[in-house]
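This report refers to the structure that appears directly beneath it.
In full-length UniProt numbering, the protein residues as written are 1 to 688.
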């Protein structure tokens, strides 16, 4: 044992002149013996034997190098600063745990032996014994086994004889033994039943938890666009209930896509001749014309899986998500070929690639799409259908042959197509047999399939609000006017002066349209506030127009000028209103198109001008002069018509003030001088 007190240390310090001075030793009580030895050895070095004084020599003095450069330079060993006495070491918890883990008893292989004493003691306790012995029975199982190996079971009579019971007690002993045995059997059966029920409960719980986990996993991977992770999955949709019979009004597009159905149903018919199945089909058309419905019908006709994806849902805030979803989509589709992949709003993901420091990773998704479509093996059975209403924005590499081999245009339906669409949607609701869908179709020029569906739905809602049992023609007309002119605002209170100005303004449009040869026929005129306007004159062509002549464009400009001209002629220049602003916008737009796009200017000729602001000042001045001349001529023509038919103008304005809304037939009767007093009640009676 080594003991050293602070007093001894101070005494040694006083006796040793060369030892360093100790200023503070209050922490010595916390030191270990080894640390104290180190401290004593450093502070109180053991003096060695005194060396004899050096003898002067003519030779140079040589020095022996120390163990380290630090010791040679500073005269102290570096280990002094690494000691726990002078430097506090810090070990991270992770490093300490790892170091301690190396010395756990689990990892140390130990060998030992059992003595006879320990073996006997464990055998007596019942937890150990000569397993090889046939008569051995563990202590904890004694009393539970009725029959042990090597021991014969005794009968009840033998037990009674061993007990030497009297005869009068033997019957009672047998009765008690029987009752105890029966109760023990009942207890055993109840215990076994309880354990059986618990096992069934545990099994049911495990199956329920596993099933719910599996269901939740499936719900998370049904559609890749609802997740935000990189490893997103997709799930095909079966389109057995959607066929070409559900698509109306686009017969040309249906015939084009009919070949694709044949490709999917019978590819050998085309590959036997050496042909290759198309990889992609691009559907181009305005919104609501049925592009998505056509793609679903292709999958339904061919009875193949249908994968739907929206172009705007590939990319998210994380880099690489879009490319990963493209890979997952095509990987899943190839595994379930033949199938159809439909990418709606393709321009969102397949737009033209640009160099932009703000979006350095924006090209990854489209590059992955290009690679997937170009990496198809011939006749792999995966058809990609893309839909867009902005084909000009698509990247050129995406629309080249080999990726999107076919481009199918889906236009707005014509009169025949609109009639078919209306009949299809009218067949799904209760309607009056007297409804003529062709009349509605002729009055809905330019309507898409989605707009026609909305028209029928609005009519059904109107009939339900009015308490009718079926939809009538009046309900369809109401829905059409609501879509064309906006909803009625009957709660708006307009004074008599403004109402009169509005009546003459709208009558001016109607008079110019009625007496101009190439103007479109009038559908309806009203001074009932609808949408943002106080009045409106609706005009619809009798037939679909695929192009317009110069006379028709000038007639549209004249009709636009009729409202302001009427205000000027009736109320004077001081009382003209701002209600003609939208009319002037439309007329100016037509005039600019005639000069810059349609080549209908005598001075500028047939040259087109895309961006007027990029033209020379002389050209801009010439364009403005031509546009101004066209507008001035149109204004004068409208003024001449209203001066010529001033009486008819006044009659029509009075009729609008009286009835608020007039259709084409009623306008014609007013201009011909006929009264509407008898016509209106008859029309209302027929509608009821």
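Glycine is no exception: its CB is placed at the ideal position from the N, C-alpha and C atoms.
According to DSSP, residue 431 shares a beta bridge with 471. If only uninterrupted beta strand (DSSP E) runs of at least 3 residues are considered, those enclosed by the UniProt domain "AAA+ ATPase" (277 to 414) are 280 to 284, 305 to 310, 339 to 344, 382 to 388, 406 to 409.
Ranked by Cα distance from residue 576, the options 563, 272, 587 are led by 563.
Among the bridge pairs identified by DSSP, residue 522 is matched with 539. Note that the C-beta distance between residue 484 and residue 452 is not below 8 Å. Per the coordinates, the alpha-carbon of residue 478 lies some 14 Å from the alpha-carbon of residue 439.
When only Cα atoms are considered, residue 550 and residue 520 end up about 14 Å apart.
For residue 517, same chain residues with a beta-carbon under 8 Å away, outside a window of 5 residues either side, are 551, 555 in chain order.
Two segments are said to touch when three or more pairs of C-beta atoms, one from each, lie closer than 8 Å; by this definition the segment 321 to 340 touches the segment 297 to 307. The DSSP assignment places no complete beta strand (DSSP E) segment of no fewer than 3 residues inside the segment 546 to 591. In its chain, beyond the 5 residues on either side, 443, 538, 539, 540, 664 have a beta carbon closer than 7 Å to the beta carbon of residue 523. Within 10 angstroms of the beta-carbon of residue 593 lie fewer than 16 other beta-carbons, which makes it exposed.
Taking all protein chains shown into account, residue 424 has 16 or more neighbouring C-beta atoms within 10 Å of its C-beta and is therefore buried. Membership of residue 642 in the alpha helix (DSSP H) is indicated by the continuous run 617 to 644. Bridge pairing for residue 488: 530 [DSSP]. Going by DSSP, residue 461 is part of the alpha helix (DSSP H) stretching over 449 to 465. Secondary-structure assignment with DSSP links residue 274 through no beta bridge to anything.
Under the three-state reduction of DSSP output, residue 602 falls in the coil class, being neither helix nor strand.
In the three-state DSSP reduction, residue 259 falls in the helix class (H, G or I). Checking the DSSP bridge columns, you'll see residue 502 has no partner listed. In this structure, the alpha-carbon of residue 319 lies about 52 Å from that of residue 578. In this structure, 283 is the residue among 419, 441, 527, 283 with its C-alpha nearest to the C-alpha of residue 409. Here the C-alpha atom of residue 662 lies approximately 20 Å from the C-alpha atom of residue 492. DSSP places residue 495 outside both helix and strand once states are collapsed to three, so it counts as coil. Taking C-beta atoms under 8 Å as the contact rule, residue 482 and residue 458 qualify, at a distance of about 6 Å.
Per DSSP, the unbroken alpha helix (DSSP H) holding residue 671 starts and ends at 664 to 671.
Contact check for residue 558 against residue 638 passes: the beta carbons are separated by less than 8 Å.
Within its own chain, the residues whose Cβ lies closer than 6 Å to the Cβ of residue 472, once the five positions on either side in sequence are excluded, are 432, listed in chain order. Per DSSP, the unbroken alpha helix (DSSP H) holding residue 442 starts and ends at 437 to 442. With contacts defined as CB atoms closer than 8 Å, residue 655 and residue 676 qualify as a contacting pair. A direct Cα-to-Cα measurement between residue 640 and residue 660 gives close to 26 Å. Proximity to residue 532 across 497, 543, 547, 490 peaks at 490, based on C-alpha coordinates. Inter-segment contact for the segment 321 to 334 and the segment 289 to 299 is absent: fewer than three beta-carbon pairs are separated by less than 8 Å. A straight line joining the alpha-carbon of residue 467 with that of residue 436 spans about 22 Å. With 16 or more other Cβ atoms from the protein chains shown falling within 10 Å of its own Cβ, residue 368 counts as buried. Residue state for residue 419 is assigned as helix, using DSSP reduced to three classes.
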